[in-house]
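> Residue numbers for the sequence shown follow numbering that gives the first Met the number 0, beginning at 0 and rising by one.
Take this structure first; my questions come after.
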Amino acid sequence: MSAAPAAAGCPAFDEAWFAARASRGVQGLKAYDPGHDLVALRRKFGEERLLELGSNENPYGPSTAARMAILDQMQSLHRYPDPLGLDLKRALATLHGVDTGAILLGNGSHELLMQLAQVFAGPGDEVVYSQYGFAVFALATQCAGASARVVPARTRDRADMPLGHDLDAIAAAITPATRLVYVANPNNPTGTWFGVDALDAFLAKVPPEVIVVFDEAYAEMAVAPDYASALGRLGRHGNLVVTRTFSKAYGLAGLRVGYLLAAPGLVAVMERVRESFNVNGPALAACEAALDDAAHLDSCVRRNAVERDALAQALQRRGLRVFPSQTNFLLVEFGPQTALIESALVAQGVVLRPMGGYGLPDCLRITVGTADENQRLLAALDALLDLSDA
């Protein structure tokens, strides 16, 4: 609905007028760009023909137990859910060996990452994160009105983890004004990761008054022996926060559930800004059921690892550079024709994720699909680029 013409002497009440009255951090923001209109593309190509490999979703979907748990909730939709999500918290506490007071549930880990900046940073404060860190880090910082200190990542020509975090430089960027440090491990969109020695060396350099947030949305997908989760360090570092999600390995992206683990004191402060009933009833039930179905999780992780390695090797045989990954996606360098290639793929019903917004315009991010989906992608690339699998 378009706005009615403003009467003489009245404000325009348009976007610019309202933006001028928004907080300083919001004034510089742009609305989230979801990329291609998937609804329109589904109508055009049909659900079966459209190959959606741009959002890092689990192609195997949720477990049967999670689906059934959702159905069981259908008769209770007129009731509010448990505002504290205690049953799910208890299940998570058992899984991770912590108290329920160390857990906070969110409407996706995105919500929690945003709230951490809302609570602990503001005008005059600094937030530190890596050059190719998850986009929400920058968004959270700006919304809070804080200043960002963006640390250059490792260069592409590095033999060891190109485009990975430079943890020494991140630690060195901390100043007396720093309130938060965000680190994703494994990282989105690069897929890179680091191990226990790097983790411990980094944590030893961070002052205790600075809160360190490890976003581990893809941790379950990481099977490399040199990957290290920060969960095992929670008891040693009271300033440590770990965020996780049910959107990736558990295949529940449509329900939007994430959680953080931290010192109970930090969680108690975060509870002050948590939205009431922020996780809905079917989502709570489905996540609890998903935790009980370890076999499905293990199957998804195992198949993802197999297909990730197979797809990476197939792309490399075609002369494309594939960056190391311990996630359910690959960052692939396509060169100066990347934008044209991506557009041509969309015209064929193949959706990948452009990386220009991350400062990587010559790269595309490819979700690891099923074996059949990956073969369809390779066939589309071969037809488009006249590549051969030598």
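For glycine and all other residues, C-beta sits at the position ideal for the given N, C-alpha and C.
#1: Please classify S75 as buried or exposed, where buried requires at least 16 neighbouring CB atoms within 10 angstroms.
#2: For C362, list the residues DSSP reports as bridge partners.
#3: Assuming L330 and V367 are in contact, meaning their beta carbons sit under 8 Å apart, how far apart are those beta carbons, in whole angstroms?
#4: Where V212 and P58 are concerned, what is the direct C-alpha to C-alpha distance, given to the nearest angstrom?
#5: Nearest-angstrom Cα distance between D381 and V256?
#6: Using 10 angstroms around the beta-carbon of V321, count the other beta-carbons present and answer buried if the total reaches 16, otherwise exposed.
#7: State yes or no: is the C-beta of L296 within less than 8 Å of the C-beta of Y249?
#8: Would A229 and V241 qualify as a contact pair, given that the criterion is a beta-carbon distance under 8 Å?
#9: Distance check for F333 and D156, CA to CA, integer angstroms please.
#10: Taking the alpha carbon of E341 as the reference point, which residue from G358, I69, H35 and E14 has its own alpha carbon closest?
#11: Could you work out which residue in P122, A183, H236 and L344 is closest to G24 when comparing CA atoms only?
#12: Would DSSP call R316 helix, strand or coil?
#13: CB R395 to CB L202, shorter than 8 Å?
#14: Looking at I102 and A285, is the spacing between their C-beta atoms short of 8 Å?
#15: For A139, tell me which candidate among W16, V126, V150 and Q130 has the shortest Cα-Cα distance.
#16: Given this structure, state the Cα-to-Cα distance separating E46 from Q130, to the nearest angstrom.
#17: List in chain order: all unbroken alpha helix (DSSP H) runs of 4+ residues lying wholly within the segment 65-122.
#18: Where does F17 land, buried or exposed, given buried means 16+ other C-beta within 10 angstroms?
#19: Report back the beta-carbon spacing between V209 and V180 to the nearest angstrom; my notes put them in contact at under 8 Å.
#20: Give every residue of the same chain whose Cβ lies closer than 6 Å to the Cβ of S246, excluding the five residues on either side of it in the sequence, and list them in chain order.
#21: Which residues does DSSP pair with Y258 in a beta bridge?
#22: Quick one: using the 10 Å Cβ neighbour count with 16 as the cut-off for buried, is C400 buried or exposed?
#23: Could you spell out where the beta strand (DSSP E) holding L179 opens and where it closes?
#24: Below 8 Å, how does it come out for the segment 50-57 and the segment 343-355: are there three or more Cβ pairs, yes or no?
#25: P169 to L162, Cα distance in whole Å?
#26: Answer yes or no: do M220 and Q114 have a C-beta to C-beta separation smaller than 8 Å?
#27: Decide if D385 is buried, meaning its Cβ has at least 16 other Cβ atoms within 10 Å, or exposed.
#28: Here's a check: name, in chain order, each residue in its chain whose Cβ is nearer than 6 Å to the Cβ of D388, leaving out the five neighbours to either side.
#29: Leaving out five residues before and five after D167 in sequence, what residues of the same chain have Cβ atoms less than 7 Å from its Cβ?
#30: If you draw a straight line from the C-alpha of Y128 to the C-alpha of G8, how long is it?
#31: Which residues share a DSSP beta bridge with A147?
#32: Can you have a look at R301 and say buried or exposed, based on whether 16 or more other CB atoms are within 10 angstroms of its CB?
#33: What's the C-alpha gap between H236 and L260?
#34: Looking at the strands, I want to know which residues DSSP matches up with L202.
#35: What three-state label does DSSP hand P263 in the structure shown?
#36: In this structure, how does DSSP classify V345 when only helix, strand and coil are distinguished?
Working from what's here:
#1: exposed
#2: E332
#3: With a Cβ gap of about 12 Å, L330 and V367 do not count as contacting.
#4: 28 Å
#5: 38 Å
#6: buried
#7: yes
#8: yes
#9: 16 Å
#10: H35
#11: P122
#12: helix
#13: Since the first residue of the chain shown is 0 and the last is 389, residue 395 is not available in this structure.
#14: no
#15: V126
#16: 36 Å
#17: 85-95 and 108-119
#18: exposed
#19: 6 Å
#20: A252
#21: L104 and R243
#22: The question about residue 400 has no answer, for the chain in this structure spans 0 to 389.
#23: T177 to A183
#24: yes
#25: Here residue 169 is Ile; the residue named in the question, Pro, does not match the sequence. So the two alpha carbons sit approximately 14 Å from each other.
#26: no
#27: exposed
#28: Residue confidence is low: D388 scores 47 on pLDDT, short of 50, so the model does not pin down where it sits. Its coordinate-derived value is still stated next. So the qualifying residues of the chain are R316.
#29: none
#30: 46 Å
#31: V126
#32: exposed
#33: 12 Å
#34: Answer is none; L202 lacks a bridge partner.
#35: helix
#36: helix
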